[in-house]
Amino acid sequence: DPQPTDLKAYAGKVLDVTKDPAIDQSLLGQDYTIVLPMTVKQVKDGYVVKNTATQITNDRKDVTNTVTNPLKVINPKKDVTVKVNGESANGKSIYKDHQFLYRLDSSKIAGNRAYKQIKNWRIVDDYDEKFDKLTGQWAVYVNNDIKLADGTVISKGSRIDGSGVDAGYFTFTEANGAFTVEATQQFLDIASAMDSDLSWTAYVQMTRLGVSDRVENTFVETMNDVERESNMVWTKTPDQTPAIKLIKYDAASGLEAGDRNTPSEALKSTKNGTKIVFRIINTGKVNLTKITLDD
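Quick note, my numbering runs 702 ahead of the 1-based positions in the sequence shown.
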């Protein structure tokens, strides 16, 4: 006493029993457990963290066994599609007043994880109310086989909750332009007891409300109070409003002089056989067919 400020340097120091402090003899003959809480700061998939401790008693060093912990990246994933298990529509067009699905893939938890207990697991999606509107339809599918306590097996790809399927595994709520898909205690108990990998996918149906060059969307997953943000997806909605421009002029005067828009510009001498030209220009962003014009 006092304790050395640099334990690493002290551990490598050759101690002089005649000068350096020695261990209090009254502390010998006991078993001591030292607990050092650690937090994983960086994860690389497949990387193995190794740890070995060294006990120093006076000038004697004893090395412990080495423990290892493989690291596993767990990240949620976002996508957008028009049907369950359909192709990705990320970066593509979703037309105004059409329905589509936001796909929300949870993180995949490993069966051999250190922390078995899952105390909360939810996804919150703060969507853009200006362009997207909930239809109220949603569904959750499991991405792994699940064996229940009674031996029943829920097969991979099964729909386990959602609109019209009140199984009690998940809840769906909406407030202030954000929806939440959350696992109930019933599902959390199942997840905590599993010895194999587990993840789930939610589909939430939306209606596109307006035209935009880019509508972006992400979500935040919370599991055991740790938040993880998904990747970003985006879609576009082109303007499909039809529009035309009509220019009417007499052929003899030509387009520039014959385009008369005021009474003072009116053609003063007309007779049967005067040729009038109608020029119709598509000023919208969609092709026009079956057009009927009245004059």
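Even for Gly, the Cβ is constructed at its ideal location relative to N, Cα and C.
(request) My understanding is that Ser795 touches Thr976, with C-beta atoms under 8 Å, so please give their C-beta distance in whole angstroms. (result) Within the sequence shown, residue 795 is the residue found at index 93, counting from 1. Within the sequence shown, residue 976 is the residue found at index 274, counting from 1. Not really, about 46 Å apart at Cβ, beyond 8 Å.
(request) Helix, strand or coil for Pro772, going by three-state DSSP, please let me know. (result) In the sequence shown, counting from the first residue as 1, residue 772 sits at position 70. Assignment of Pro772 by DSSP, reduced to helix, strand and coil, places it in the strand class.
(message) Quick check: Tyr804 and Ala880, are their CB atoms within less than 9 Å of each other?
(response) Working through the sequence shown from its first residue, we reach residue 804 at position 102. Working through the sequence shown from its first residue, we reach residue 880 at position 178. Contact flag unset, no.
(request) Could you name the residues that DSSP lists as bridge partners for Val716? (result) On the sequence shown, position 14 is the one that residue 716 refers to. Answer by DSSP bridge pairing: none, since Val716 is not bridged.
(message) Suppose you measure from the CA of Lys774 to the CA of Ile946; what does that come to, to the nearest Å?
(response) Against the sequence shown, residue 774 aligns to sequence position 72. Against the sequence shown, residue 946 aligns to sequence position 244. Lys774 and Ile946: Cα-Cα distance of roughly 58 Å.
(request) State buried or exposed for Tyr871, treating a residue as buried only when at least 16 other CB atoms are found within 10 Å of its CB. (result) Mapped onto the sequence shown, residue 871 falls at position 169. Tyr871 counts as buried, since no fewer than 16 other beta carbons sit within 10 angstroms of its beta carbon.
(message) Tell me the DSSP secondary structure of Phe802 in three-state form.
(response) Taking the first residue of the sequence shown as position 1, residue 802 is located at position 100. Correct three-state label for Phe802: strand.
(request) Could you check which residue in Thr903, Ile811, Asn822 has the C-alpha nearest to that of Asp927? (result) As a first step, residue 927 must be located in the sequence shown, where it is residue number 225. Measuring from the Cα of Asp927, the nearest candidate turns out to be Asn822.
(request) Measure the C-alpha to C-alpha separation of Tyr951 and Asp799 and round it to an integer number of angstroms. (result) Numbered from its first residue, the sequence shown carries residue 951 at position 249. Numbered from its first residue, the sequence shown carries residue 799 at position 97. Tyr951 and Asp799: Cα-Cα distance of roughly 39 Å.
(message) Please return the same chain residues whose Cβ sits closer than 8 Å to the Cβ of Ala869, not counting the five positions on each side in sequence.
(response) Position 167 of the sequence shown, counting from 1, holds the residue named residue 869. Close CB contacts of Ala869 within its chain, under the 8 Å cut and outside five residues either way in sequence, are with Ile862, Asp863 (chain order).
(message) DSSP three-state label for Glu958, please.
(response) Working through the sequence shown from its first residue, we reach residue 958 at position 256. Here Glu958 carries a helix assignment [DSSP, helix/strand/coil].
(message) Which same chain residues end up closer than 8 Å to Thr768 when comparing Cβ atoms and leaving out the 5 residues on each side of it in sequence?
(response) Locating residue 768 in the sequence shown gives position 66, where the first residue counts as 1. Around Thr768, the same chain offers Lys752, Asn753, Thr754 as residues with beta carbons nearer than 8 Å, after the five sequence neighbours per side are excluded.
(message) Per DSSP, what are the beta-bridge partners of Arg930 in this structure?
(response) Mapped onto the sequence shown, residue 930 falls at position 228. DSSP lists Glu923 as partners of Arg930.
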